[in-house]
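A short write-up of the structure that comes next.
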Amino acid sequence: MNICLLLLCWSCRKDSAAVIGTFNGSEAYTAKPYEFNVPKRFPAPAFPDFNRLTVEGVYLGRALYFDPILSTNGRSCSSCHNPQFSFSSPVFVSSSGYRISVPPHINLAWNPDFNWNGSVTVLDRLCLGDFGPEFFNTSMPGLVSKLMKHDRYPLLFKKAFDVNDISALSYDDLQLKIVYAISQFMRSMVSGNSKYDRYLRHEVFLSPDENEGMETFFTERGDCFHCHAYPLMSSNTFHNNGLDSLLSGQNLGRYLVSGNINDEGKFSAPTLRNIEYTAPYMHDGRFQTLEEVVEFYNSGVHWNSPNIDPLMTKPAKLYGLGLSPVQKSNLVKFLRTLSDTAFLNNPAYKKPF
Amino acid sequence: MKVLRIFLFTIGLILILFSCQKNNQRQDDNPAPPENSYSALSVSYRVDNLPLLKDSLMYTNAAGNVWSLQRLNYFLSQIALIKADSSTEGLLGYCYVDGLDISKNTFTLGNIKPGDYIGLSFNIGLDSLLNRPDALPSVTELNNMVWPEPMGGGYHVLKLEGYFRNAGSLFGYALHLGTNACRIPIRLFKHIQVKSGEALKLNLSMNVNEWFMNPYQYDLDQDGNYTMGNAVLMMKIAGNGKDVFTLY
Chain A
1 MNICLLLLCW
11 SCRKDSAAVI
21 GTFNGSEAYT
31 AKPYEFNVPK
41 RFPAPAFPDF
51 NRLTVEGVYL
61 GRALYFDPIL
71 STNGRSCSSC
81 HNPQFSFSSP
91 VFVSSSGYRI
101 SVPPHINLAW
111 NPDFNWNGSV
121 TVLDRLCLGD
131 FGPEFFNTSM
141 PGLVSKLMKH
151 DRYPLLFKKA
161 FDVNDISALS
171 YDDLQLKIVY
181 AISQFMRSMV
191 SGNSKYDRYL
201 RHEVFLSPDE
211 NEGMETFFTE
221 RGDCFHCHAY
231 PLMSSNTFHN
241 NGLDSLLSGQ
251 NLGRYLVSGN
261 INDEGKFSAP
271 TLRNIEYTAP
281 YMHDGRFQTL
291 EEVVEFYNSG
301 VHWNSPNIDP
311 LMTKPAKLYG
321 LGLSPVQKSN
331 LVKFLRTLSD
341 TAFLNNPAYK
351 KPF
Chain B
354 MKVLRIFLFT
364 IGLILILFSC
374 QKNNQRQDDN
384 PAPPENSYSA
394 LSVSYRVDNL
404 PLLKDSLMYT
414 NAAGNVWSLQ
424 RLNYFLSQIA
434 LIKADSSTEG
444 LLGYCYVDGL
454 DISKNTFTLG
464 NIKPGDYIGL
474 SFNIGLDSLL
484 NRPDALPSVT
494 ELNNMVWPEP
504 MGGGYHVLKL
514 EGYFRNAGSL
524 FGYALHLGTN
534 ACRIPIRLFK
544 HIQVKSGEAL
554 KLNLSMNVNE
564 WFMNPYQYDL
574 DQDGNYTMGN
584 AVLMMKIAGN
594 GKDVFTLY
């Protein structure tokens with residue numbers, strides 16, 4: 001028993017030494033597992049075995065997320081995923097001229113796919129395309145040089161991935177490690193403390209107007225809940241909500257990924273968490289305000305849109321929900337209870353240096 | 354001090370040896386129980402004599418509606434074998450079924466006592482103990498089945514959605530059932546012999562067209578293409594649900 005105790009003490013001492021040890025270029029370093037707190041009533045997130053969250057990996061990802069060091073044009077991830085807009089931003093216009101409403105980085109740990117049409121199914125691959133000319137226009141030799149000369153990154157890479165020499169990595173491997181770190185940071189960004197969450201935890205009351213808006217949201221009056229189920233406020237599935245009667249280009253949505261004509265016009269149902277901060281709305285940012293969105297569902301749905309979700313074609317509501325001005329206003333007020341300022345202001349999601 | 358260490362070590366060793374011996378003794382005293390049988394439940398689908406295919410506008414119901422299917426989600430609960438004396442042998446508390454996802458149509462029921470049974474009983478929909486807010490684990494596919502609290506709470510019994518043709522145009526339909534009143538108790542009778550140590554596989558087949566007939570002919574155009582929140586329509590569909598399954 002004593003021998004065991006002694007061995008335990010030695011092993012603990014060795015771990016501690018590794019944790020506090022400074023990078024000397026060769027000593028092995030094992031990153032510490034990141035403690036991921038799942039908010040009450042949330043599903044368990046699925047983390048890939050090949051990129052487990054670590055304290056050091058999340059920190060490196062956070063540093064890189066805000067750092068224009070990855071680009072040759074001054075851009076960083078946060079240029080398009082601005083914390084002020086719930087890690088989103090107003091419309092991005094692609095080089096081919098398509099307007100894309102930038103998806104927010106919020107609760108991505110629970111997303112089964114990414115981008116409006118679900119073109120990427122693994123978060124740890126999502127950012128690989130960002131090194132290209134359209135976003136970062138990264139010069140890999142230049143990036144290696146900048147990282148090597150930086151006073152922090154060599155140590156951060158060492159701690160996150162036990163990389164002794166950044167310049168010894170292939171460009172592909174370096175990009176992958178950068179993307180893995182950023183993915184770890186994005187997975188760590190959790191919102192579960194909106195006013196509505198707190199209401200469900202019996203910590204606050206909703207106002208009468210918000211309460212009526214909630215009734216509209218969670219009953220057939222508004223029928224929002226089928227595609228925006230609690231707690232993720234998304235069904236994590238694809239729907240055509242009747243934006244257009246004729247579909248072409250990017251408006252074909254999921255079809256562009258699956259090639260299935262039954263997927264034409266379908267898009268991933270976005271989370272409504274922090275929806276207040278992520279204007280403009282819909283995949284192409286065609287609506288500027290939540291009031292416009294509600295009005296669309298109230299009176300503007302194209303019921304003859306191909307593959308329109310069956311949920312959108314209720315009897316007597318083919319031409320809209322028929323909400324009164326007060327009901328529409330209260331529905332917007334309820335949507336604002338999904339805002340989580342604690343998420344926006346969380347120091348763990350801010351630029352670290 | 355050294356003598357004390359050796360003494361403690363020896364005591365520890367003796368205790369470990371005794372504990373091992375005790376375990377072995379316990380096993381010897383209790384011979385293995387009769388071997389139970391592994392069992393599984395599998396659900397398949399058809400539309401009368403046609404195979405069920407997603408998004409295929411080729412089925413005709415009793416009312417003459419030409420329809421297709423886009424979603425088919427439901428719960429089965431209190432799955433049990435029925436004994437000759439009408440008592441039941443429970444197999445599984447509940448399972449979530451996605452009719453269009455083959456991986457969500459086979460369920461391990463666990464071990465079952467050998468013997469003769471006269472049939473299978475279960476509910477379509479959750480039993481009342483589970484059909485309440487937050488009763489099930491928080492999993493996205495289950496959260497998507499939540500029946501909102503302002504409408505009674507719990508979970509959907511059934512989501513049956515797709516499209517139907519009417520006067521040359523295509524319309525959606527969404528037949529949703531919820532609340533305990535719409536739970537559908539099913540009893541299917543067939544002699545089932547469970548032999549010791551042998552696997553038992555129970556096969557259910559759902560004829561989706563049965564949701565539209567017997568005893569109530571349901572016309573998507575005349576009766577309505579959306580049931581959620583409409584008690585009359587929900588009870589009509591729930592009434593038709595008693596015959597949708599066969600056991601083979």
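Chains as they are written, first to last, in our numbering: chain A, 1 to 353; chain B, 354 to 601. Virtual Cβ for every residue (Gly too), placed ideally from N, Cα, C. Quick caveat: nothing in here was measured; it's all calculated off a predicted structure.
When the Cα atoms are used, residue 278 of chain A and residue 90 of chain A turn out to be separated by approximately 7 Å. The alpha-carbon of residue 254 of chain A is positioned some 39 Å away from that of residue 353 of chain A. Between the region 472-488 of chain B and the region 532-547 of chain B there are three or more inter-stretch CB-CB distances shorter than 8 Å, so the stretches are counted as touching. The Cβ neighbour count for residue 276 of chain A, taken over all protein chains shown within 10 Å, is at least 16; the residue is labelled buried. If you look at residue 540 of chain B, you'll find it in the beta strand (DSSP E) that goes 537-547.
Here DSSP, grouped into helix, strand and coil, assigns residue 444 of chain B to strand.
Pairing residue 166 of chain A with residue 127 of chain A gives a Cβ-Cβ distance that is not under 8 Å.
Within the same chain, and ignoring the five residues on either side of residue 507 of chain B in sequence, the residues whose Cβ sits closer than 6 Å to its Cβ are 484, 485, 500. Using a Cβ-Cβ distance cut-off of 8 Å, the region 560-577 of chain B and the region 413-426 of chain B are in contact, since at least three pairs of beta carbons, one from each stretch, lie closer than that value. Assignment of beta-bridge partners to residue 392 of chain B by DSSP yields B:463, B:553. Assigned with DSSP and collapsed to three states, residue 99 of chain A falls in strand. The shortest CA-to-CA distance from residue 511 of chain B to any of B:429, B:462, B:403, B:397 is the one to B:429. Under the 10 Å beta carbon count, residue 152 of chain A is surrounded by fewer than 16 other beta carbons and is classified as exposed. Exclusion of the five residues before and after residue 131 of chain A leaves 138, 175 as the residues of its chain whose Cβ lies within less than 7 Å of its Cβ. Residue contact with chain B for residue 27 of chain A: absent (no Cβ-Cβ distance below 8 Å to any residue of chain B). Contact between the region 53-62 of chain A and the region 26-36 of chain A is present: three or more C-beta pairs spanning the two stretches fall below 8 Å. Residue 416 of chain B has a beta carbon lying at 8 Å or more from every beta carbon in chain A. Burial state of residue 246 of chain A is exposed, judged by a 10 Å Cβ sphere holding fewer than 16 other Cβ atoms. Of all residues in the region 466-478 of chain B, none has a C-beta nearer than 8 Å to a C-beta of chain A.
Contact of residue 309 of chain A with chain B by beta-carbon distance below 9 Å involves 423, 514, 525, 527. Non-local beta-carbon contacts of residue 225 of chain A in its own chain, meaning distances under 7 Å to residues more than five positions away in sequence, involve 217, 218 in chain order. Residue state for residue 261 of chain A is assigned as helix, using DSSP reduced to three classes. In this structure the region 228-241 of chain A does not lie against the region 344-351 of chain A, because fewer than three pairs of beta carbons, one per stretch, are closer than 8 Å.
Within the region 40-73 of chain A, contact with chain B at the beta-carbon level (separation under 7 Å) is assigned to 41, 42, 43. Relative to the Cα of residue 104 of chain A, the nearest Cα in the group A:83, A:96, A:113, A:52 belongs to A:83. Taken atom to atom, the span from the alpha-carbon of residue 140 of chain A to that of residue 155 of chain A is near 19 Å.
Identification of residues in the region 189-221 of chain A having a C-beta nearer than 7 Å to some C-beta of chain B yields 215, 218, 219, 220, given in sequence order. Around the beta-carbon of residue 343 of chain A, 16 or more other beta-carbon atoms lie within 10 Å, marking it buried.
Going by beta carbons, residue 576 of chain B and residue 595 of chain B fall outside the 8 Å limit.
Residue contact with chain B for residue 281 of chain A: absent (no Cβ-Cβ distance below 8 Å to any residue of chain B). Under the Cβ criterion (8 Å, minimum of three pairs), the region 448-468 of chain B counts as touching the region 539-552 of chain B. Within 10 angstroms of the beta-carbon of residue 40 of chain A lie fewer than 16 other beta-carbons, which makes it exposed. When secondary structure is reduced to three states using DSSP, residue 429 of chain B falls in the strand class. Rounded to whole angstroms, the gap between the alpha carbons of residue 591 of chain B and residue 438 of chain B is 28 Å. At a cut-off of 8 Å between beta-carbon atoms, residue 501 of chain B makes contact with chain A. For the pair residue 75 of chain A and residue 285 of chain A, the CB atoms are not nearer than the 8 Å cut-off.
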